[in-house]
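Novice: There's a structure below that I have some questions on.
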Amino acid sequence: MCNVVCRRASSFPVVNNHRITRSNKFEFEETVESLVELSENSEENKDESLITGAIAQITLETVVIKKSKNKSVRFADDCGGTLYIIKQMTEPSDFPPKINPKILRRYRGLPENDENDSKLPATWTPTFTQPASDYVIFREKVTKDNIALENVRLKNEEHRLAGTIKVKNIAFEKRVFIRVTTNEWQSYTDHEAKYMSSSSRLIDTFGFEFEIPSDQEMDNAHIEFCVCFEQYWDSNGRKNYSLKSEERAEEERRGIFKHAGPYGNIENDAYLTQMDNWSRFASWKLYDLDQPYY
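Sequential numbering from 1034 applies to the sequence shown in my numbering.
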């Protein structure tokens, strides 16, 4: 009688409106065979109704139905979005793009509604080369003068100036600051520099960062500064480090190229350039090459 019940249960093609797969069927048959052996060897499991109920319960537990989810692809315009975005690059190909200040503040987690939204990006540019670019002279200067400006970084989008200073370790406590003027030393402001960790025991590193005015809000568009450590100063050989507006620096640079000749006043003559900075090589494509080289 048990064999009949087992064959009938094992031939069920569908359980709970789901078809039994081949692997589930094999697992079910193995379970039924073990129950049959158990029923033959045990006097307590000879009740046909108990065996039938156990088989039905095992059938529901062993069959696992996996429903496959239908995959679908939806484009942004179907969801109310924009399918494409057009970005017009206004900068020349040899210049990095200018990032919107709102994007920079969002990246740093700052509020977007800032008072500086109405301010245009500054166009400051240094009139000096990075002091550490010639490392031998820079190292000699630190050893001799006990202090030297290492480098500066202009953040025109944020109207800030940052940089590092090297100081000879001749005292445990050091007060290092930057003295800045925007009106040719009629007045000035001191900005403290902070100590930075350094691997050298002979030379310490100090960093600074402070806000600078926009060159478009100034009449002279000129900033001068120097660095100080106690009584020791680095004033760029008594000329001071200076920043100029990029537009004004461009006007002065163009003034050098003007000359009188048989062709009249000529600007941007490639044969008359006196470039001391190879970083301006990309701007040479704007120069006129139609003039004779002699």
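Glycine residues also receive a C-beta, built at the ideal position from the N, C-alpha and C atoms.
Suppose you measure from the CA of T1238 to the CA of K1188; what does that come to, to the nearest Å?
Specialist: 21 Å
Novice: I need the DSSP call for Y1168, collapsed to helix, strand or coil.
Specialist: helix
Novice: Between T1214 and chain B, is there a C-beta pair that is closer than 8 Å?
Specialist: In the structure shown, chain B does not exist; there is a single protein chain.
Novice: Out of G1196, S1268 and E1244, which has the shortest C-alpha to C-alpha gap to K1174?
Specialist: S1268
Novice: Determine which residues share a DSSP beta bridge with H1224 and list them.
Specialist: I1211
Novice: Give every residue of the same chain whose Cβ lies closer than 6 Å to the Cβ of L1235, excluding the five residues on either side of it in the sequence, and list them in chain order.
Specialist: N1202
Novice: Roughly how many whole angstroms lie between the Cα atoms of N1216 and R1186?
Specialist: 22 Å
Novice: So K1135 is in the alpha helix (DSSP H); what residue range does that whole segment cover?
Specialist: Under the DSSP assignment, K1135 falls in the alpha helix (DSSP H) whose first and last residues are P1134 to Y1140.
Novice: For K1177, name the three-state secondary structure that DSSP assigns.
Specialist: DSSP places K1177 in helix when its eight states are reduced to three.
Novice: Go through its chain and collect everything with a Cβ distance to N1184's Cβ below 8 Å, but skip five positions before and after it.
Specialist: Q1163, P1164, A1165, G1196 and T1197
Novice: With C-beta atoms as the reference, is Y1274 less than 8 Å away from D1178?
Specialist: no
Novice: Where K1272 and A1155 are concerned, what is the direct C-alpha to C-alpha distance, given to the nearest angstrom?
Specialist: Whole-angstrom Cα-Cα distance: 24 Å.
Novice: As a quick exercise: from Y1117, S1105 and Y1228, pick the residue whose alpha carbon is nearest that of F1205.
Specialist: Y1228
Novice: Assuming the contact rule is C-beta atoms closer than 8 Å, E1190 and L1143 should be a hit. Round their C-beta distance to whole Å, please.
Specialist: In fact, because the Cβ distance is near 13 Å, the residues do not count as touching under 8 Å.
Novice: Cα separation between D1223 and R1193?
Specialist: 15 Å
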